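Here is the structure we will look at, set down as structure tokens.
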Amino acid sequence: MDRSTKDKYKIMVLSYRVTMSPVGGRKNYKVRTGARTASKGLEKELKRKAKRLSQEPSLALPRCTVSVPYFSRIEKKLREVSRLKDNKKALEKASKKGDKLVRAYAATLLLLHEEKITYLAVFKSPFGDVGYAHRGETSKEKLVGIQNYDNPRIKMMAYLEEVKKKKLFMFVTENEVLCTGANPKPPPEVIDALPKRLGKGMKRSGDVIHPPGLGASTVQKGEPWKEPYLVVSWDPAGIVMAKNLTYTQQNQDNTFATCASYMATDKISKHFTVKVNVRPVCDHGKDCPCDPPEKEEKKESFLLRLGKVKEPTSVELYLEGKVMDHRLIEKELEDYRKRLEDVGRTVYIISNKCYGSDHEAVMSSLSLTKDEKEALSSFFSHASGPIISSDPTANKIMEPFWKGVGEKVLNDLIGNEKISKKVFQSFPTPRYQPMTIIQEATYRIEESKMRKKLPSPKDPPRMIEFAYECAIAYLVRGGEGASKVVERYGDDDIKVKAAKYAFVKGLNLTRSAGWSYTTHEVGYAQGLDEIVLELTRDDPEMFRRGLTRLWKATGSTKDLKWK
Numbered sequence: 005m006d007r008s009t010k011d012k013y014k015i016m017v018l019s020y021r022v023t024m025s026p027v028g029g030r031k032n033y034k035v036r037t038g039a040r041t042a043s044k045g046l047e048k049e050l051k052r053k054a055k056r057l058s059q060e061p062s063l064a065l066p067r068c069t070v071s072v073p074y075f076s077r078i079e080k081k082l083r084e085v086s087r088l089k090d091n092k093k094a095l096e097k098a099s100k101k102g103d104k105l106v107r108a109y110a111a112t113l114l115l116l117h118e119e120k121i122t123y124l125a126v127f128k129s130p131f132g133d134v135g136y137a138h139r140g141e142t143s144k145e146k147l148v149g150i151q152n153y154d155n156p157r158i159k160m161m162a163y164l165e166e167v168k169k170k171k172l173f174m175f176v177t178e179n180e181v182l183c184t185g186a187n188p189k190p191p192p193e194v195i196d197a198l199p200k201r202l203g204k205g206m207k208r209s210g211d212v213i214h215p216p217g218l219g220a221s222t223v224q225k226g227e228p229w230k231e232p233y234l235v236v237s238w239d240p241a242g243i244v245m246a247k248n249l250t251y252t253q254q255n256q257d258n259t260f261a262t263c264a265s266y267m268a269t270d271k272i273s274k275h276f277t278v279k280v281n282v283r284p285v286c287d288h289g290k291d292c293p294c295d296p297p298e299k300e301e302k303k304e305s306f307l308l309r310l311g312k313v314k315e316p317t318s319v320e321l322y323l324e325g326k327v328m329d330h331r332l333i334e335k336e337l338e339d340y341r342k343r344l345e346d347v348g349r350t351v352y353i354i355s356n357k358c359y360g361s362d363h364e365a366v367m368s369s370l371s372l373t374k375d376e377k378e379a380l381s382s383f384f385s386h387a388s389g390p391i392i393s394s395d396p397t398a399n400k401i402m403e404p405f406w407k408g409v410g411e412k413v414l415n416d417l418i419g420n421e422k423i424s425k426k427v428f429q430s431f432p433t434p435r436y437q438p439m440t441i442i443q444e445a446t447y448r449i450e451e452s453k454m455r456k457k458l459p460s461p462k463d464p465p466r467m468i469e470f471a472y473e474c475a476i477a478y479l480v481r482g483g484e485g486a487s488k489v490v491e492r493y494g495d496d497d498i499k500v501k502a503a504k505y506a507f508v509k510g511l512n513l514t515r516s517a518g519w520s521y522t523t524h525e526v527g528y529a530q531g532l533d534e535i536v537l538e539l540t541r542d543d544p545e546m547f548r549r550g551l552t553r554l555w556k557a558t559g560s561t562k563d564l565k566w567k
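Numbering-wise (the numbering used here), the sequence shown opens with residue 5 and increments by one.
Have a look at this one:
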């Protein structure tokens, strides 16, 4: 499964989780039902639960932390029905009239009068398939919730209708459903469980829940950090949950949806505030050059707005469960970059620190090699606009802009337009990193100089052609370059094979897959490895003598011709 498919799957699950409660006057969670023959295990379990419910009707209700008249009244009715548990006809009547929750309770007790539960319905909830017995005249959600009272998140589905009508608040812990009446503040048990629910390594410091590295004080003060971070405030709880970009990429989730899946009320999102802190760390005070103005909404007349559907913001999509934490941060970061581009200034933001337009300050803050310093110096002279990189390496800083300035950077460094253009076109990003491309251009200009310096044979035999190319590659690119030439010449000619063996042995090169020689071929190459050493000296006369010796040593009588 590729990354985009995984994201789509996770977003689908999150959409279920967020919309589990009634929102906007309707139930938004998706329900599919089916029928199947009851397994003996499930049948036995349903009857056990029905018997337990008949003995203790309060199991069908949430535990209220305050007095809730509706549930007090319903509990009395449930106890009245429980006294009818041995009267099948009375239960059948109670399962078809009156309060829907009471009906579901009566319908469940009817299972005690069935010798065998023939068929079960299947409720496909946001949390998986749930088996239940469809009896009486009431809603599926109430039957499912009561018959699965030992699963708090499933049990809560029995009360969604009442939550909306009565404007109630309900919360789920590991063991029970809690109702706080009209009070939106979640009980301590719910808050205490949040760090574990929100992801690996999350911890609570006071009123802030945060991942490793991102300090609680930074979040509380709303200060910039070394990378952007998401802040989800559960307002009635007085709790702030924060996650930085790297953490969200490694632990993909929707923090708001996670909280929402453990509670039920009308319009859950209005009790949460979501922000993304994308501002970089800046030492320039109030006039930070990396702080662009907010984007102004285009004002239109009523007639122009008429009939237009306003596009939801990224935060609105997030609160609908359609966007993951890391996607929201990335989207807000994109919007921030776009606002910087609209300003038109060249500013540098590396590892989420603003350096303004001072590229020298950027250079001095990075750990760079001599080649990287030269490359970045040229790059900064050509690149414009906001240059932002979360990774402080030369490759990652240059890569997003390479297509526009790469050829110019190469030409600055090697001083050859022809080679610069050819290398730029043959080695595109992101397949190749900028420093790899620069290294290739440097090799080619050095090879060009080396070919001019060392004598070159005219119309060389195949074996001499190989020896020449392998020696040039070794002088410029080292053993790795010479090994690639050896691999490129796959000849069966015994002289070429002898020369290849000599180079591999003499220069201690890597042997490629399929490398094999007969005893005769090895004997033919004896002593050639010593001659190869003459070809690895940057000396024209020694190079000429080495090629000649190699040619004669393989039994050739003709002289080599030189350009």
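C-beta: ideal position from N, C-alpha, C; glycine also.
For clarity, every value in this text was computed on a predicted model and none was experimentally measured.
query: Do residue 182 and residue 67 have their C-beta atoms within less than 9 Å of each other?
result: Result yes, Cβ atoms of residue 182 and residue 67 sit closer than 9 Å.
Residue interval of the beta strand (DSSP E) (run including residue 234): For residue 234, the enclosing beta strand (DSSP E) covers residues 233 to 238.
task: Evaluate residue 151 with the Cβ neighbour count: other Cβ atoms within 10 Å of its Cβ, from every protein chain shown; 16 or more gives buried, anything less gives exposed.
output: Taking every protein chain shown into account, the CB of residue 151 has 16 or more other CB atoms within 10 angstroms, so this residue is buried.
query: Leaving out the 5 sequence neighbours to the left and right, which residues in its chain are closer than 7 Å to residue 330 when beta-carbon positions are compared?
result: Contacts found: 249, 252, 253, 256.
- prompt: Between 72, 157, 186, which lies nearest to residue 133 when the distance is taken from Cα to Cα?
  reply: Among 72, 157, 186, the Cα nearest to that of residue 133 is on 157.
Residues near residue 499 in its chain [Cβ-Cβ closer than 6 Å; skip 5 each side]: Within its own chain, the residues whose Cβ lies closer than 6 Å to the Cβ of residue 499, once the five positions on either side in sequence are excluded, are 467, 558, listed in chain order.
- request: State buried or exposed for residue 186, treating a residue as buried only when at least 16 other CB atoms are found within 10 Å of its CB.
  value: By the neighbour-count criterion, in which a residue is buried when 16 or more other Cβ atoms sit within 10 angstroms of its Cβ, residue 186 is exposed.
message: Using only the alpha-carbon positions, how far apart do residue 485 and residue 501 sit?
response: Between residue 485 and residue 501, the C-alpha separation is close to 18 Å.
field: Other residues of its chain near residue 382: CB distance less than 8 Å, five sequence neighbours each side excluded
entry: Excluding residues within five positions, the ones whose Cβ falls inside 8 Å are 412, 413, 416, 417.
task: Specify the secondary structure class of residue 445 as computed by DSSP and reduced to three states.
output: Looking at residue 445 - three-state DSSP - the assignment turns out to be helix.
query: Between the Cα of residue 492 and the Cα atoms of 95, 469, 371, 553, which residue gives the shortest distance?
result: That would be 469, whose Cα lies nearest to the Cα of residue 492.
message: Tell me which residues share the same chain as residue 509 and place their Cβ nearer than 6 Å to its Cβ, disregarding the 5 neighbours each side in the sequence.
response: Hits under 6 Å: 533.
- request: Would you mind giving the Cβ-Cβ distance between residue 55 and residue 116, rounded to the nearest angstrom? I have them listed as a contact below 8 Å.
  value: Contact holds; Cβ gap of about 6 Å.
- prompt: Under the DSSP definition of a beta bridge, which residues are partnered with residue 209?
  reply: The partner list for residue 209 (beta bridge, DSSP) reads 212.
message: My output table needs one value for residue 226: the three-state DSSP class, helix, strand or coil.
response: Residue state, collapsed to three classes: coil.
query: Anyone know if the C-beta pair for residue 235 and residue 260 falls short of 9 Å?
result: Taking 9 Å as the Cβ cut-off, residue 235 and residue 260 do not qualify as a contacting pair.
- prompt: With C-beta atoms as the reference, is residue 65 less than 9 Å away from residue 78?
  reply: Yes. Within cutoff.
- request: Could you please give me the residues that DSSP links to residue 248 through a beta bridge?
  value: In DSSP, residue 248 forms a bridge with 233.
query: Where does residue 468 sit, in a helix, a strand or coil, going by DSSP?
result: In the structure shown, residue 468 adopts helical secondary structure according to DSSP, grouped into three states.
- prompt: Using 8 Å as the threshold, is the stretch 263 to 282 in touch with the stretch 227 to 245, meaning 3 or more CB pairs across them?
  reply: In short, these stretches touch, since the Cβ pair count reaches three.
- prompt: Taking C-alpha atoms, which residue in 495, 490, 391 lies nearest to residue 515?
  reply: Scanning 495, 490, 391 for the CA closest to the CA of residue 515 turns up 490.
- request: Determine the DSSP secondary structure at residue 175, reduced to helix, strand or coil.
  value: Residue state, collapsed to three classes: strand.
field: Sequence-distant residues of the same chain with beta carbon closer than 6 Å to residue 506, five excluded per side
entry: Take residue 506, set aside five residues on each side of it, and the residues of its chain with a beta-carbon closer than 6 Å to its own are 529, 532, 533, 536, in chain order.
query: Could you give the uninterrupted runs of the alpha helix (DSSP H) lying entirely in the stretch 87 to 164, keeping only those of 4 residues or more?
result: Counting whole runs of 4 or more residues, the stretch 87 to 164 contains the alpha helix (DSSP H) stretches 92 to 98, 104 to 113, 144 to 151, 156 to 159.
query: According to the Cβ coordinates, are residue 109 and residue 73 closer than 9 Å?
result: No.
task: Could you tell me whether the stretch 365 to 383 touches the stretch 262 to 276, where touching means 3 or more Cβ pairs closer than 8 Å?
output: Under the Cβ criterion (8 Å, minimum of three pairs), the stretch 365 to 383 does not count as touching the stretch 262 to 276.
message: Comparing C-alpha positions only, which one of 554, 362, 379 sits nearest to residue 397?
response: Cα-wise, what sits closest to residue 397 is 379.
query: In its own chain, which residues sit with a C-beta less than 8 Å from the C-beta of residue 327, not counting the 5 before and 5 after it?
result: Only 15, 258, 318, 321, 335 meet the Cβ criterion.
query: Taking Cβ positions only, does residue 474 come closer than 9 Å to chain C?
result: Of the protein chains in the structure, only one exists, and it is not chain C.
message: Strictly by DSSP, which residues pair up with residue 243?
response: Paired residues: 238.
field: Distance between beta carbons of residue 290 and residue 343, contact taken as under 8 Å
entry: Their Cβ separation, rounded to whole angstroms, is 18 Å, which puts residue 343 and residue 290 out of contact at 8 Å.
- request: Quick one: using the 10 Å Cβ neighbour count with 16 as the cut-off for buried, is residue 179 buried or exposed?
  value: With fewer than 16 Cβ atoms within 10 Å of its Cβ, residue 179 is classed as exposed.
- request: Taking only runs that begin and end inside the stretch 313 to 340, name each unbroken alpha helix (DSSP H) of 4 or more residues, in chain order.
  value: Scanning the stretch 313 to 340 from its first residue to its last, the whole alpha helix (DSSP H) runs of 4-plus residues come out as 318 to 323.
- request: Can you have a look at residue 205 and say buried or exposed, based on whether 16 or more other CB atoms are within 10 angstroms of its CB?
  value: Residue 205 counts as exposed, since fewer than 16 other C-beta atoms from the protein chains shown sit within 10 angstroms of its C-beta.
query: By the 10 Å Cβ neighbour count, where 16 or more other Cβ atoms means buried, how is residue 512 classified, buried or exposed?
result: If you draw a 10 Å sphere on the C-beta of residue 512, you find fewer than 16 other C-beta atoms in it, and that means exposed.
- prompt: Taking just the CA atoms, how far does residue 423 sit from residue 429?
  reply: For the pair residue 429 and residue 423, the Cα-to-Cα distance works out to about 10 Å.
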